[in-house]
Amino acid sequence: MLRNLNRESWVRVLLWGGWVCVALVTTLGGYTLDQQYRERYHQERRADVTQQLAILRAQLEGTVGKNLQVVQGLVAVVSADPSITQQRFGAIASEILAQKQQLRNIGAAPDMVIRMIYPLTGNEAALGLDYRANAHQWPKVRQAAESGELVLDGPLTLVQGGRGFIGRVPVFSHRLNGDGRYLWGLVSAVIDVDALYQEAGIYDVSDLLIALRKVESDGQPGAVFYGSDELFGQAPVTMPVAVGGGSWQLAAVPADGWRPLPPDVVSFRGLLFAAAALILLPGLGMALSIQRERKSQRRLQSLFELSPLGMALVDAQSGRFLSVNASLCAMTAMDVGQLHAVTVSRILPPPLPWADLGGEPRFGPLESLCLSADGHSMPILLAGARVQEARNRELVWLALQDISEQKRVEQMKNEFISTVSHELRTPLTSISGALKLTSEGMVGELPDKAREMVGIALKNSERLAQLINDLLDMDKLVSGKLGFNIRPLALAPMMKTSLENLEVYAHNHDVVLEYSNQSSRCSVLADDLRFLQVMDNLVSNAIKFSPAGGTVRVSSELLDGQVQISVCDQGDGIPESFHSRVFEKFAQADGSDRRVKGGTGLGLAISRGLLLHMNGSIRFDSEPGKGTCFYVTLPRAD
């Protein structure tokens, strides 16, 4: 038992441990998928921002480049004609400004002082600006002069008003004596900030927050000149923007910020939860089902082992014992090993009851014998059921109940009843005879009161005589001493005699007898006295249990080579709880000492026994409140 408990504990640990492992793996898998889904969302979001930002950068670099590129042509003209006049400069500059709407003005600064500018209107304040004296612009001017390359500066607040980016290109001219070249000055182009941003598409971006800042020559971030400097602290997507002589950094984040969770995260997590439930719930249900099944098996095993009934599991084909309990070992005087070594036919005489069950799975309880190892046999009640196992293997559960003591008590009871009945019959006959003679006036006239008392005594003595006769008949049936003279009998005269015998009894109970003969002139194989005894029991019962003014209907009909006789009353019917005991000895639906209807409770038991000896049968149908019908079948003689 302890070993079984330890085994069950291990099975429980493995069962629930396995489910917990599956639950942990499922939870971890769900968490990982959720993390990957969020990461993929963030990556896709950054990829979208990166794609938009790349387009914006290309547009910005292209717009700046195109505006500065056209200035290079003017630089070539000035380099070839260092003494260019304002008039000619304005004519060339007007052509350039007509092509590029983002250029605000173009100026020329020989010897680093602005002497020429186009358009002049609105830009007069810039004329005469000495770059060397302008501390704010001079570093970029000097960078352009020293590098010989275009340098973009800004955005700056212009002296003529407004803000702009200034692209400065140094101009080198050749000396007339051919002695090398010299720095003439520079040509500058002012790009309007708002026009540049509009052309580059920065103002058209609505789903991004944009910021621009300079990148210093040492690579360190410089001042933010567009957007909020806080944007660079929000993990933006950044890209370098190459401009003349330097670099900017373009940054962007979504207008609604970086969402920590995808917008459809609830739906996705709902799907994860549903998938986890589809994985875990069947497993949980299976674990609980297995646990319940094993618990049920343990209970059945305990019942099997501790049952006072002998129980066994048998292979239906081979008859081998697969499992037996201690009670069966005690009944057969064999141990478990000995029983496993033999077949079921060793302890049960043939035929085996499950051999011809047909489609019925159960059999019994039925009386049989159990053979023990020492050669003795004991009476048993045998019951069982067939079960189908995998691979069409058929097994049989057997339950054997020792009824030796019951048989012994029943034998003692029968012997006692037989003895008492025989001992009472002789004196009762004398008493009944004396009472009958007295009631007939053979000893003289009696007073009315005395005659009434003698009549009551005579009636009760007759009832007692009937009881004794019933007891003796039952004793003879049980012992097999009751003789039968079975021969062909015409049914109609027998039925007429039976009903005539009970006409007075029916009249006394205010009950009408009706007979319907649908069996013509057929004959039955029966004993005439026993047949009349059966009919007397059935019809008298029907009369007794019918209400005053009621009708007892008796009919006979042919039925599949037999004759069926029915006796139907209009009484209260037989309670359903009493149906299984109707044909038992001394059985009565109302067994109390205050019952209204009399009787010994032997009539139906005797009738059933008599019919069985005449190869007949008896059954009944009853409906509460509507009466009872008993059906007797006997073999036809013709």
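In terms of UniProt numbering, the sequence shown opens at residue 1 and continues consecutively. Here a beta-carbon is modelled for each residue, glycine too, at the ideal position from N, C-alpha and C. As the structure is a prediction and not an experimental result, all values here were calculated from the model.
Quick one: grab the DSSP three-state call for residue i.
i: residue 484; result: coil
i: residue 509; result: coil
i: residue 394; result: strand
i: residue 373; result: coil
i: residue 583; result: coil
i: residue 174; result: strand
i: residue 35; result: helix
i: residue 533; result: helix
i: residue 594; result: Summary for residue 594: the model assigns pLDDT 40, below 50, so the residue's position carries little reliability; its value from the coordinates is reported in the next sentence. Looking at residue 594 - three-state DSSP - the assignment turns out to be coil, as it is neither helix nor strand.
i: residue 523; result: strand
i: residue 388; result: strand
i: residue 20; result: helix
i: residue 181; result: strand
i: residue 427; result: helix
i: residue 349; result: coil
i: residue 641; result: Outside the shown range of the chain, which is 1 to 638, sits residue 641, and nothing can be said about it.
i: residue 29; result: helix
i: residue 223; result: strand
i: residue 205; result: coil
i: residue 158; result: coil
i: residue 364; result: strand
i: residue 139; result: helix
i: residue 575; result: coil
i: residue 151; result: strand
By Cβ distance, which residues of its chain are closer than 7 Å to residue i, with the 5 residues on each side in sequence left out?
i: residue 308; result: 327
i: residue 522; result: 491, 558, 563, 636, 638
i: residue 367; result: 379, 381
i: residue 30; result: 272, 276
i: residue 164; result: 104, 154, 155, 156, 158, 190, 191, 192, 193
Nearest CA to the CA of residue i: which residue from the options?
i: residue 532; options: 72, 614, 388; result: 614
i: residue 468; options: 255, 281, 602, 35; result: 602
i: residue 360; options: 383, 349, 348; result: 383
i: residue 485; options: 453, 448, 447, 526; result: 526
i: residue 151; options: 80, 408, 330, 72; result: 72
i: residue 272; options: 240, 194, 28; result: 28
i: residue 610; options: 537, 569, 310, 274; result: 537
i: residue 134; options: 572, 371, 460, 158; result: 158
i: residue 255; options: 46, 68, 482; result: 46
i: residue 237; options: 245, 249, 227, 244; result: 249
i: residue 169; options: 112, 210, 225; result: 112
i: residue 554; options: 529, 427, 518; result: 518
i: residue 498; options: 370, 454, 565; result: 565
i: residue 221; options: 207, 313, 206, 239; result: 239
i: residue 350; options: 373, 319, 578, 311; result: 319
i: residue 234; options: 211, 242, 217; result: 211
i: residue 142; options: 245, 198, 53, 155; result: 245
i: residue 181; options: 82, 129, 107; result: 82
i: residue 167; options: 505, 145, 631; result: 145
i: residue 508; options: 540, 199, 583; result: 540
i: residue 333; options: 352, 310, 323; result: 310
Just list the residues that DSSP pairs residue i with in beta bridges.
i: residue 410; result: Residue 410 pairs with nothing; no bridge assigned.
i: residue 449; result: In DSSP, residue 449 forms no bridge with anything.
i: residue 631; result: 566, 619
i: residue 249; result: 213, 240
i: residue 189; result: 106, 167
i: residue 503; result: DSSP lists no partner for residue 503.
i: residue 516; result: 555
i: residue 402; result: 380
i: residue 636; result: 524
i: residue 343; result: 320
i: residue 130; result: 113
Tell me which same chain residues have a C-beta within less than 6 Å of the C-beta of residue i, skipping the five on either side of it?
i: residue 503; result: none
i: residue 616; result: 633, 634
i: residue 516; result: 555
i: residue 506; result: 513, 543
Residues in the same chain with beta-carbon distance under 8 Å from residue i, minus the five sequence neighbours each way, listed in chain order, please.
i: residue 623; result: 573
i: residue 335; result: 329
i: residue 560; result: none
i: residue 354; result: 316, 363, 384, 386, 396
i: residue 17; result: none
i: residue 369; result: 348, 349, 377, 378, 379, 380
At a Cβ threshold of 9 Å, is residue i touching chain C?
i: residue 298; result: As a matter of chain content, chain C is missing from the structure shown, which is built from one protein chain.
(request) Quick one: which unbroken beta strand (DSSP E) runs of 3-plus residues sit fully inside the segment 274 to 333? Chain order, please. (result) If we require 3 residues or more, the beta strand (DSSP E) runs fully inside the segment 274 to 333 come out as 310 to 315, 321 to 324.
(request) Go through the segment 38 to 125 residue by residue and report every complete run of the alpha helix (DSSP H) that reaches 4 residues or more, in order. (result) Listed in chain order, the complete alpha helix (DSSP H) runs (minimum 4 residues) inside the segment 38 to 125 are 86 to 99.
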